[in-house]
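Contents: one structure, followed by commentary.
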Amino acid sequence: MKLELQKGSRSKILAAVVLSTMAVFVGRLFYLQIIQHGFYVDVANKEQVKRLTIPAKRGLIYAMDGQDPVPLVMNQTVYTVFADPQTIKDDAKIIDTIKRIAGGNARDGLQALLDKKDSRYQILATKVTRVQADKIKAEDLSGIGFQEESQRVYPEGSLAAQTLGFVDYSGTGRYGIEDKLNDRLTGKDGLLQSVTDVSDVPLTIGNNNINKPAVNGDNIVLSIDRNVQSHVEQALADGLKRTGATKGSAIVVDPQTGKIMAMANLPTFNPAKFNEVTDPAAFNNGAVSSPYEPGSDVKTLTMATGIDKGVVTANSTYVNTDHIQVDDRTISNATLGQTGTITFQHALNWSLNTGFVTVAQLLGDGTNITRGARDTMYDYFYNRFHLGQLTGIEVAGEVTGTIISPDEVDGNAVKYSNMSFGQGLDVTMVQVVAAFSSLVNGGKYYQPTVLAGVMDTNGKYVPNKVTSSPSNPISASTASQLREMTHVARSTFYSGVDKQGYYTGGKTGTSQVVKNGGYADDESVGTYLGYGGSADLSRYVIMVQVSGDHKTLQGARDALPIFTDISNWMLDYLKIQPKG
Amino acid sequence: MSYQRNQNFSSRRQQNWSRNQNTVAYVSAIKLGPVTHTVLIALMITILGLIYLTQATRATSYDYATQKIDSQIAELNTQKSDLEIENNKLNSLEAAKNSTVATTMTAPATTTYVQQ
Chain A
0 MKLELQKGSR SKILAAVVLS TMAVFVGRLF YLQIIQHGFY VDVANKEQVK
50 RLTIPAKRGL IYAMDGQDPV PLVMNQTVYT VFADPQTIKD DAKIIDTIKR
100 IAGGNARDGL QALLDKKDSR YQILATKVTR VQADKIKAED LSGIGFQEES
150 QRVYPEGSLA AQTLGFVDYS GTGRYGIEDK LNDRLTGKDG LLQSVTDVSD
200 VPLTIGNNNI NKPAVNGDNI VLSIDRNVQS HVEQALADGL KRTGATKGSA
250 IVVDPQTGKI MAMANLPTFN PAKFNEVTDP AAFNNGAVSS PYEPGSDVKT
300 LTMATGIDKG VVTANSTYVN TDHIQVDDRT ISNATLGQTG TITFQHALNW
350 SLNTGFVTVA QLLGDGTNIT RGARDTMYDY FYNRFHLGQL TGIEVAGEVT
400 GTIISPDEVD GNAVKYSNMS FGQGLDVTMV QVVAAFSSLV NGGKYYQPTV
450 LAGVMDTNGK YVPNKVTSSP SNPISASTAS QLREMTHVAR STFYSGVDKQ
500 GYYTGGKTGT SQVVKNGGYA DDESVGTYLG YGGSADLSRY VIMVQVSGDH
550 KTLQGARDAL PIFTDISNWM LDYLKIQPKG
Chain B
0 MSYQRNQNFS SRRQQNWSRN QNTVAYVSAI KLGPVTHTVL IALMITILGL
50 IYLTQATRAT SYDYATQKID SQIAELNTQK SDLEIENNKL NSLEAAKNST
100 VATTMTAPAT TTYVQQ
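Heads up: the sequence lines are chains A and B, in that order.
Residues 0 to 579 in numbering that gives the first Met the number 0 are what the first sequence spells out, letter by letter.
Residues 0 to 115 in numbering that gives the first Met the number 0 are what the second sequence spells out, letter by letter.
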């Protein structure tokens, strides 16, 4: 029996062929459009839909200029000029143009770079400004491209470099504020997902478009005053030159708020050229990251402890023999000869170690630094003055230092006798400044801060709200007595160097340096810690530290003149009215 | 006379026809064949397609215009930033210290204060 097809007409055969062909097409289309639907949608989306990152702008950093913020760190759009050696046409013109316009930003050996014909990407110049890039573009060079990037610029140069830190090549903050507040400064990148044309121009067709704007980083305003900072850096540089010290740090703080007005360290660096720094130690903010034995500056805190506990006053007396026995150790004064029955004010004036060991003993049973005395000192030094703890200042690299507890084996009477005059403890300058501020502001401890506020999106300065109240490590009466004692200590020897009509005070410090497990004979750190203002209000606290390898530096001789320079300038800058 | 319901449906139109014998239905003499219908439908589809394409193209042209404006905004923002940087450099302390005005300044010999 014949099949229908075999016996059918030609039209039937044609119909069968067409239907068969159609069936093949339908089958294929069903496979592509239904079964493989997801796969081809993905392929099409990859081809047509682009996910573009909208980069967030890194926040700017401002300093104060009196009452107004001024930018210290800004962003600038710069360009990397690159060539495709396979498509360039006129080597000579390219080299001439790049050298003429990019100048020092052009790379060396341009001809050799252009000769690398196996490469499609050779960088010819970096960090080219917009104006330079526009000039190069105007030359209409073939095979030349531009890559846009953002870089930090510093209108004030190296001012407050260690406080600011810098931003590395990956866009991450390093050191200082840039590191500590990296998340706040970075912001959050946005996302643009859209169908694009061949030139990557986003088109509004399609159903899966996403337009999530970038959230720019916070524009942060520091409490650093650029004028104070500049003068402090200059005074410190002059001081180092005068004394031969190789390292120096200085802090100026408002004792009524805890806000840092200046924080300087030498040697310093230019954050715009951080890659050229040969010694990374220059990046460190020594005022917060280099603990040291503070020496005689701490005598003010020991005295405050004694007065606050009611065991001593400025006019209380003790018998000074220039030596005092603590267990098996004999502690001597650095300055000899002030022997006999003397007041503690006299001991502070002459910075006599025996006086402050006596205070420690008076905190105990009167002749021994008992466990009770040590607990009291630890309570004041650690819990109340926050020595040996992070202050929480908003710059990277802060370290705690060390205050040995009486609970530890090393926390014995000898250790605490040393601590009473500034040895046997490691603290940072910012800890000491914050603690000392409470002695001259009525007994309030403010957490030191470098943040003053933010600039809002309209460019308006919004000061930080006060969120926590200060603690009270000592009574207002104790603070008042200490303020007077340090005023007397300064005016006894150095009144002639201060501007008349103001109220200043301070304490010298000369610290021995521990090297190889013992105190080095050929090296010491000189510090001066003091305040200034009117008789009824301290307006600033300044701490200066100078040091150097194999340098014996002293507080009175080397650090005090720097303090005086800054202090006298501050009195004018703050427009404080003199009295008398 | 009694009224009886029946099961036969008659439409209102039929009832009207029965009631008004002069009702007239006009029928056009022109008749559209299947080819004409097909052509007309094809034309309508084409016109709708053209309208769609016109709108889609217009939307895309807006995208290009938007992109151009965005580029101009970005360019102007970059110029503004550059000018701000230049302004701050010119107003920096270093620039002030090195200015001709600053270098010719002298320290006051005496200072007096207004008594408060």
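We treat Cβ as the ideally placed atom computed from N, Cα and C, and that holds for glycine.
- Task: Provide the residue span of the alpha helix (DSSP H) that contains A/Leu123, from first to last.
- Result: Within the first sequence, the letter at position 124 stands for residue 123 of chain A. Counting along the chain, A/Leu123 falls outside any alpha helix (DSSP H), though it belongs to the beta strand (DSSP E) covering 121 to 127.
- Message: Using 8 angstroms as the cut-off, can you tell me whether the region 224 to 240 of chain A makes contact with the region 455 to 466 of chain A, which would need three or more C-beta pairs spanning the two stretches below that distance?
- Response: No, the region 224 to 240 of chain A is not in contact with the region 455 to 466 of chain A.
- Leaving aside the five residues before and after A/Ile187 along the sequence, list all residues of the same chain whose C-beta is less than 7 angstroms from its C-beta, in chain order. To locate residue 187 of chain A, count along the first sequence from 1; it is residue 188. It should be pointed out that residue 187 of chain A corresponds to Lys in this sequence rather than to Ile. Once the five neighbours on either side are set aside, the close Cβ partners of A/Lys187 are Ala55, Ala213, Val214.
- Would you give the residue range spanned by the alpha helix (DSSP H) that B/Ser80 belongs to? Translated into positions along the second sequence, residue 80 of chain B becomes position 81. Per DSSP, B/Ser80 belongs to the alpha helix (DSSP H) from 33 to 89.
- Message: Counting beta carbon pairs with one atom in the region 254 to 270 of chain A and one in the region 155 to 167 of chain A, are three or more of them shorter than 8 angstroms?
- Response: Because the criterion of three Cβ pairs below 8 angstroms is met, the region 155 to 167 of chain A and the region 254 to 270 of chain A touch.
- Message: Does A/Tyr153 pass the burial test, meaning 16 or more other C-beta atoms within 10 Å, or should it be called exposed?
- Response: The residue given as residue 153 of chain A occupies position 154 in the first sequence. With 16 or more other Cβ atoms within 10 Å, it is buried.
- Residue(s) in a DSSP beta bridge with A/Asp497: Your numbering for residue 497 of chain A matches position 498 in the first sequence. The beta-bridge partner set that DSSP reports for A/Asp497 is empty.
- Task: Pick helix, strand or coil for A/Ile392, following the three-state DSSP scheme.
- Result: The sequence position of residue 392 of chain A within the first sequence is 393, counting from 1. A/Ile392: coil per DSSP, three-state reduction.
- Item | Simplified DSSP state of A/Lys49, which is helix, strand or coil | Counted from its first residue, the first sequence places residue 49 of chain A at position 50. A/Lys49: strand per DSSP, three-state reduction.
- Excluding sequence positions up to five away, which residues of its chain have a Cβ less than 7 angstroms from the Cβ of A/Met428? The sequence position of residue 428 of chain A within the first sequence is 429, counting from 1. Excluding residues within five positions, the ones whose Cβ falls inside 7 angstroms are Ser248, Ile250, Ala286, Met542, Gln544.
- Name the chain B residues that come within less than 8 angstroms of A/Gly156, Cβ to Cβ? Your numbering for residue 156 of chain A matches position 157 in the first sequence. Correct list: Ser91, Glu93.
- Item | Other residues of its chain near B/Met0: CB distance less than 7 angstroms, five sequence neighbours each side excluded | Your numbering for residue 0 of chain B matches position 1 in the second sequence. Note that B/Met0 has pLDDT 47, beneath the 50 cutoff, so the model's placement of it is unreliable and the number below is only indicative. For B/Met0, where only same-chain residues beyond five positions count, there are no Cβ hits under 7 angstroms.
- Message: With the cut-off set at 7 angstroms, would you say A/Pro101 and A/Ala137 are in Cβ contact?
- Response: Here residue 101 of chain A is taken as the residue at index 102 of the first sequence, counted from 1. Here residue 137 of chain A is taken as the residue at index 138 of the first sequence, counted from 1. The question names Pro, but residue 101 of chain A in the sequence shown is Ala. With respect to A/Ala137, A/Ala101 sits apart: the two C-beta atoms are not nearer than 7 angstroms.
- Message: So for A/Tyr30, helix, strand or coil by DSSP?
- Response: Looking up residue 30 of chain A in the first sequence gives position 31. If DSSP states are grouped into helix, strand and coil, A/Tyr30 belongs with the helices.
- Message: My output table needs one value for B/Met0: the three-state DSSP class, helix, strand or coil.
- Response: Taking the first residue of the second sequence as 1, we reach residue 0 of chain B at position 1. At B/Met0 the pLDDT is 47, less than 50, meaning the model places this residue with poor confidence; the figure from the coordinates comes in the next sentence. Coil, per DSSP.
- Message: For A/Leu361 and A/Arg183, I'd like the C-alpha separation in whole angstroms.
- Response: Here the question's residue 361 of chain A lines up with position 362 in the first sequence. Here the question's residue 183 of chain A lines up with position 184 in the first sequence. Straight-line Cα distance between these residues: approximately 49 angstroms.
- Task: Check distances from the C-beta atoms of the region 208 to 230 of chain A to those of chain B and list, in chain order, the residues that come in under 8 angstroms.
- Result: Arg225, Asn226, Ser229
- Message: When you compare the CB of B/Gln66 with every CB in chain A, is at least one pair closer than 7 angstroms?
- Response: Position 67 of the second sequence, counted from the start, is the residue given in the question as residue 66 of chain B. At least one chain A Cβ lies under 7 angstroms of B/Gln66.
- Task: Please determine, among A/Asn74, A/Gly175, A/Gly65, A/Thr485, the residue with the shortest C-alpha to C-alpha distance to A/Ala573.
- Result: Position 574 of the first sequence, counted from the first residue, corresponds to residue 573 of chain A. Correcting the residue identity first, residue 573 of chain A is Leu in this sequence and not Ala. Of A/Asn74, A/Gly175, A/Gly65, A/Thr485, the residue nearest in Cα terms is A/Gly65.
- Taking all protein chains shown into account, do 16 or more other C-beta atoms lie within 10 angstroms of the C-beta of A/His385, making it buried, or fewer, making it exposed? For the purposes of this step, residue 385 of chain A is taken as the residue at position 386 of the first sequence. By the neighbour-count definition (other C-beta atoms within 10 Å, threshold 16), A/His385 is a buried residue.
- Quick one: which residues of the region 49 to 78 of chain B get their C-beta closer than 8 angstroms to a C-beta of chain A? List them in chain order. Ala55, Ala58, Thr59, Tyr61, Asp62, Tyr63, Gln66, Thr77, Gln78
- Runs of alpha helix (DSSP H) lying entirely within the region 394 to 427 of chain A, each at least 4 residues, in chain order: 412 to 419
- Message: With DSSP as the reference, identify every bridge partner of A/Ser193, one or two as the case may be.
- Response: Taking the first sequence and counting its residues from 1, one reaches residue 193 of chain A at position 194. Paired residue(s): A/Lys49.
- Beta-bridge partners of A/Gln228, as assigned by DSSP: In the first sequence, residue 228 of chain A corresponds to position 229, counting from 1. A/Gln228 is not bridged to any residue.
- Can you pull the chain B residues whose beta carbon is under 8 angstroms from the beta carbon of A/Asn74, in chain order? Working through the first sequence from its first residue, we reach residue 74 of chain A at position 75. Within 8 angstroms Cβ-Cβ: Ser80.
- Query: Are the CB atoms of A/Gly516 and A/Gly554 nearer to each other than 7 angstroms?
  - Reply: For the purposes of this step, residue 516 of chain A is taken as residue 517 along the first sequence, with counting starting at 1. For the purposes of this step, residue 554 of chain A is taken as residue 555 along the first sequence, with counting starting at 1. In terms of Cβ geometry, A/Gly516 and A/Gly554 do not form a close pair [threshold 7 angstroms].
- Message: Between the alpha carbons of A/Asp117 and A/Phe268, how many angstroms are there, rounded?
- Response: By one-based count along the first sequence, residue 117 of chain A stands at place 118. By one-based count along the first sequence, residue 268 of chain A stands at place 269. Answer to the nearest angstrom: the Cα atoms are 40 angstroms apart.
- Message: My assumption, with CB atoms under 8 angstroms, is that A/Tyr493 sits in contact with A/Gly532. Please give the rounded CB distance.
- Response: Position 494 of the first sequence, counting from 1, holds the residue named residue 493 of chain A. Position 533 of the first sequence, counting from 1, holds the residue named residue 532 of chain A. Actually they do not touch by this definition, with Cβ atoms about 17 angstroms apart.
- Keeping to the same chain, check which residues put their C-beta closer than 8 angstroms to that of A/Gln110; ignore five residues upstream and five downstream. For this step, residue 110 of chain A is matched to residue 111 along the first sequence. Here the set comprises Asp90, Ile94.
- Around the C-beta of B/Glu85, are 16 or more other C-beta atoms found within 10 angstroms, so that it is buried, or is it exposed? To locate residue 85 of chain B, count along the second sequence from 1; it is residue 86. Exposed, by the Cβ-count rule.
- Where A/Phe145 and A/Arg129 are concerned, what is the direct C-alpha to C-alpha distance, given to the nearest angstrom? The sequence position of residue 145 of chain A within the first sequence is 146, counting from 1. The sequence position of residue 129 of chain A within the first sequence is 130, counting from 1. Distance between the alpha carbons of A/Phe145 and A/Arg129 is about 10 angstroms.
- In chain E, which residues lie less than 9 angstroms from A/Thr503 when you measure between Cβ atoms? Looking for chain E here will not work: the only protein chains present are A and B.
- Rounded C-alpha distance that separates B/Gly32 from A/Leu13: The residue given as residue 32 of chain B occupies position 33 in the second sequence. The residue given as residue 13 of chain A occupies position 14 in the first sequence. Answer to the nearest angstrom: the Cα atoms are 28 angstroms apart.
- Nonlocal neighbours in the same chain, by C-beta distance under 7 angstroms from A/Thr171, ignoring five residues either side: As a first step, residue 171 of chain A must be located in the first sequence, where it is residue number 172. Excluding sequence neighbours, A/Thr171 sits near Asn181.
- Which residues mark the beginning and the end of the alpha helix (DSSP H) in which A/Phe81 is found? As a first step, residue 81 of chain A must be located in the first sequence, where it is residue number 82. It is not in any alpha helix (DSSP H) - A/Phe81 instead sits in the beta strand (DSSP E) that spans 67 to 82.
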